[in-house]
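In this note's numbering, the protein residues as written are 188 to 712. We put the CB at the ideal spot given by N, CA and C, even for glycine.
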């Protein structure tokens, strides 16, 4: 075997590795394209993974037939060059496609929602199918002796899988945090293009290099310039977009809406934190966390609350409200996303001296800490979903283990109109751990606050009984709101479903809520 033949075989093996690496990198990077519009729930991941496997399967089948029909390295490298071109187009084409999906989702038009989700998969269909053709093509080209066919096929699959392993980690830990999602697509397109052009050159295919390589190279260059120019990943729904960031966990926007800063995550269907530098914003579901400790037996005053823990700190709205209402008590704020913490300090004045920020998963923190709290507030969302691990009997037992004798836990739960299925399931699950559970509906919002007390002797009437002890006007008003007819203050009851770590169909329930809302055109069912 001469030097040039050895180079050709080594390049072919390298291309197999690069193809495997790129296929997984595309899947993980595509999740970042989808997250600002659809989120990153289990269903979205199932869609992405299922789509990738489907198109890889098609690629394996078609690639094998094409390889038998014309086992030419020139044809293989031409396929790879075309794949490189399509890969670089994905981040550019995805923006208009997903912008249409955003409007469809905002208006709850299920046809647009599903159609656009199919759209992003169509964008990935061609490059993934073409990458799937690489492995069978390479096996066909590498086999020169039938008695070594098994060894050759094993080597090719091993290299492809090894590339996939590398492609799993490189985008997540290096490229996306460093250069962003769009440039990650273009970079992998460039790598594939370089490999394909080298292969065409070694195969002596100068005409094919000019016919396919130069146009694809020009396309990649245009895409590289386009993604390098300053641009918004996604416009804000309302107000002026102050900044947007991509973190390991979220796509993040900070929006200035008439002087009030809003923290918006992923698909943007909810606001996660509020801050106004002129006056204290006390509204929405965050404010309804404040009356929760008043379910303790009377007389209970604001001075009786000595410590708190907030799971799902966000940009610090709940700790600020607690501090303004109950005083500068020690608060542990747990937030898994360090970038949200940075933005909270930069734009939301999250600088309370009594706030200790822990950048960690909420459940993991509770499992490790030895502290006990008078109050644990849970507002952790991957909108529109609650992370399932924060909804189970085992998790609520963990919260009870970290409450003082008069401790209280409260969780923010979304609903649709008068469909309280998720609220009732959460209350039922908490009842499996706590004797007393109470529900408050947030006025004017599609949220309820579910409260449980560590003291088994508390009563639902305690909230009204503690009202005369209050001095703060805001807390008095909020407690009055919680006691109003529209808040539907009621005890939580035990239902048929108690969620556990083994079985917690949170996403299924929420999807049913969304579909029910769509079927009734947003009217209460």
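Query, Result
"Cβ shell of residue 197 (< 7 Å), same chain only, five flanking positions each side left out", "none"
"Residue ranges of each alpha helix (DSSP H) within the segment 538–571, 4 or longer", "549–555"
"Separation of residue 282 from residue 370, as counted between CA atoms", "14 Å"
"Proximity test, residue 282 beta-carbon vs the ligand ATP heavy atom, cut-off 7 Å", "Of the ligands one can find in the structure shown there are none, so the ligand ATP has no counterpart to examine."
"For residue 427, the residue or residues it bridges with in DSSP", "443"
"Local conformation of residue 536 per DSSP, three classes", "coil"
"Residues near residue 651 in its chain [Cβ-Cβ closer than 7 Å; skip 5 each side]", "670"
"Among 664, 515, 368, 654, the one whose alpha carbon lies nearest that of residue 438", "368"
"Residue closest to residue 621, alpha-carbon to alpha-carbon, out of 677, 493, 642", "642"
"Outcome for residue 690 when other beta-carbon atoms lying within 10 angstroms are tallied against a minimum of 16", "exposed"
"Buried versus exposed, by CB contacts within 10 Å (16 or more), residue 361", "exposed"
"Every unbroken beta strand (DSSP E) within the segment 198–228, with a cutoff of 3 residues, ordered by chain", "none"
"Check whether residue 607 and residue 676 have beta carbons under 8 Å apart", "no"
"Distance CB(residue 661)-CB(residue 504) smaller than 8 Å", "no"
"CB contact flag (residue 209, residue 375, <8 Å)", "yes"
"Beta-carbon gap between residue 199 and residue 274 smaller than 8 Å", "no"
"Endpoints, alpha helix (DSSP H) assigned at residue 600", "Premise fails: residue 600 lies in the beta strand (DSSP E), 590–601, not in any alpha helix (DSSP H)."
"Where residue 203 falls, given that 16 or more other Cβ within 10 Å makes a residue buried", "buried"
"Rounded C-alpha distance that separates residue 266 from residue 539", "58 Å"
"Whole beta strand (DSSP E) elements within the segment 445–524, 3-residue minimum", "447–452, 458–462, 495–498, 518–521"
"Residues that residue 627 bridges to, as DSSP identifies them", "636"
"Integer Cβ distance of residue 211 from residue 354, believed to fall under 8 Å", "4 Å"
"Rounded straight-line distance, which links the Cα of residue 484 to that of residue 545", "31 Å"
"Neighbour-count burial assignment, residue 713, 16 or more Cβ in a 10 Å radius", "It is not possible to answer for residue 713, since the shown part of the chain is limited to 188 through 712."
"Residue 686 - containing alpha helix (DSSP H), residue span", "No alpha helix (DSSP H) contains residue 686, which DSSP labels as neither H nor E."
"For residue 606: DSSP bridge partner residues", "603"
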